[in-house]
Structures are given as structure tokens and as C-alpha cells.
Amino acid sequence: MARILLTFIYLTYLCHTAALKYKRVCYYTNWAQYRHGIAEFHPKHIDPSLCTHIAYAFGKLINNKIINFEWNDETKYAEVNAFKRINPGLITLLAMGGWTAGSKPYSDMAASPENRRTFINASISWLRKYDFDGLDMDWEYPANRGGVPEDFNNFPILLKV
1 MARILLTFIY
11 LTYLCHTAAL
21 KYKRVCYYTN
31 WAQYRHGIAE
41 FHPKHIDPSL
51 CTHIAYAFGK
61 LINNKIINFE
71 WNDETKYAEV
81 NAFKRINPGL
91 ITLLAMGGWT
101 AGSKPYSDMA
111 ASPENRRTFI
121 NASISWLRKY
131 DFDGLDMDWE
141 YPANRGGVPE
151 DFNNFPILLK
161 V
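When you number the sequence shown by the UniProt record's numbering, it's gap-free, plus one each residue, and the end is 161.
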């Protein structure tokens, strides 16, 4: 009987510990603001208490640097990052890539140490400027849609830097 009780206590502990380590990543897409009717969506519609992370989709990559995608992204960045005051453990990310971006800008950026260095240094400055905690690299898809076969080697190198 004692063995069953100890096993039960141990399993309860494991379940509790696992529950504390979950990640609930909420995605906000900047084009959701253009939907009509009840589908229109803005950061104010996000309940930040539900998320461990919020990924703001998307930034745009031009000449190995992040630029804003939409005309009002800076306002939306501030709205998303303001959720950190409500949920101090919240981590905010800028998602880069996505289907519409294709592979060519990412393939070009990842192709050389110099281009990767430019991207990384510019990204750090950009993330600090807008109060994001990191990047979500949504490169769809290395070596496809304008990419080159070398992407398979260059993408992991980029992520390690």
C-alpha cells in the first residue's frame, strides 16, 4: 500500500512539474486588422494572461535588415509589448518569414558570414528599439521558393550564431 501511495505522490509531482513548464505561444498577425466584421483582430483583443509568448507576425527582411511590414506596425508593437506590464513573465517575439516572404531574402542573408552578421547586429538593435525579447524564424522553406540547396547548411549556421 505504501508503494502505491508513493507512486501516486511521485506521479502527481511529475504532472505538476510538467504543467509548470508548458509554453503557450500566441500568434498575432498584422493583417488581421484588415479582416471585416467579427474577424477583425487587434492586439487589444488578446488576453495576455493566456500566453507565455506572443509572436508578432511578421517583420520584413530587406538587405539583411528587419523593416516594418505594415504602415502602423510600430503602434501595434507597442500595444503587444505593453502586455508585459499585465503579464510580467510574457515573452514577445517578432516572427520573420512566413509564406508570403518566400525564401530568396533569407537565402541571401544566410549565405555568408558577413550577411549573417549584418542581420544579427541589425536585429539586436531593432529588437531593443521596439522592446521585443527575440525572433521567431519562420523561413518557409529553406532551399525552396527562391532558395538554394546551400540553405540546408546555412540555416542551422544562422540559428547557432
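Where a beta carbon is used, it is the ideal one built from N, C-alpha and C, also for glycine. Being a predicted model, the structure only gives us computed values, none of them experimental.
Start and end of the alpha helix (DSSP H) containing Ala55?
Position 55 of the sequence shown, counting from 1, holds the residue named residue 55. In this chain, Ala55 is not harboured by any alpha helix (DSSP H); it is covered by the beta strand (DSSP E) spanning His53 to Ile62.
Rounded separation between His53 and Cys26 - CA only
Start at 1 with the first residue of the sequence shown, and residue 53 comes out as number 53. Start at 1 with the first residue of the sequence shown, and residue 26 comes out as number 26. Looking at the two C-alpha atoms, the distance is approximately 6 Å.
For Leu14, the three-state DSSP class (helix, strand or coil):
Stepping through the sequence shown from its first residue, residue 14 is reached at position 14. Note that Leu14 has pLDDT 48, beneath the 50 cutoff, so the model's placement of it is unreliable and no number is given.
Which term fits Phe152, buried or exposed, when burial requires 16 or more other beta carbons within 10 angstroms of its beta carbon?
Walking along the sequence shown from the start, residue 152 turns up at place 152. Flag for Phe152 reads exposed.
Please give the ranges of any beta strand (DSSP E) in the segment 76–130, keeping only runs that are unbroken, at least 3 residues long and fully inside the region.
91–97
Here's a check: name, in chain order, each residue in its chain whose Cβ is nearer than 8 Å to the Cβ of Leu90, leaving out the five neighbours to either side.
As a working note, residue 90 is residue 90 in the sequence shown. Here the set comprises Pro48, Cys51, Thr52, His53, Ile54, Phe83 and Lys84.
Please go through the same chain and pick out, in chain order, the residues whose beta-carbon is closer than 6 Å to the beta-carbon of Asn64, but skip the five residues on each side of it.
Taking the sequence shown and counting its residues from 1, the one referred to as residue 64 is at position 64. Counting only Cβ-Cβ distances below 6 Å, and skipping sequence neighbours, we find Met109, Asn115, Thr118 and Phe119.
Look at Ala57 and Thr29 and say whether their C-beta atoms are less than 8 Å apart.
Taking the sequence shown and counting its residues from 1, the one referred to as residue 57 is at position 57. Taking the sequence shown and counting its residues from 1, the one referred to as residue 29 is at position 29. Yes, they are a contact pair.
Assuming Asp151 is part of the beta strand (DSSP E), what are its boundary residues?
Locating residue 151 in the sequence shown gives position 151, where the first residue counts as 1. No beta strand (DSSP E) contains Asp151, which is instead part of the alpha helix (DSSP H) from Asp151 to Lys160.
Of all the CB atoms in chain D, is at least one closer than 8 Å to the CB of Ile67?
This model lacks chain D altogether; it includes just one protein chain.
Would you mind sorting Thr75 into buried or exposed? The rule is 16 or more other CB atoms within 10 Å of its CB.
Looking up residue 75 in the sequence shown gives position 75. It counts as exposed.
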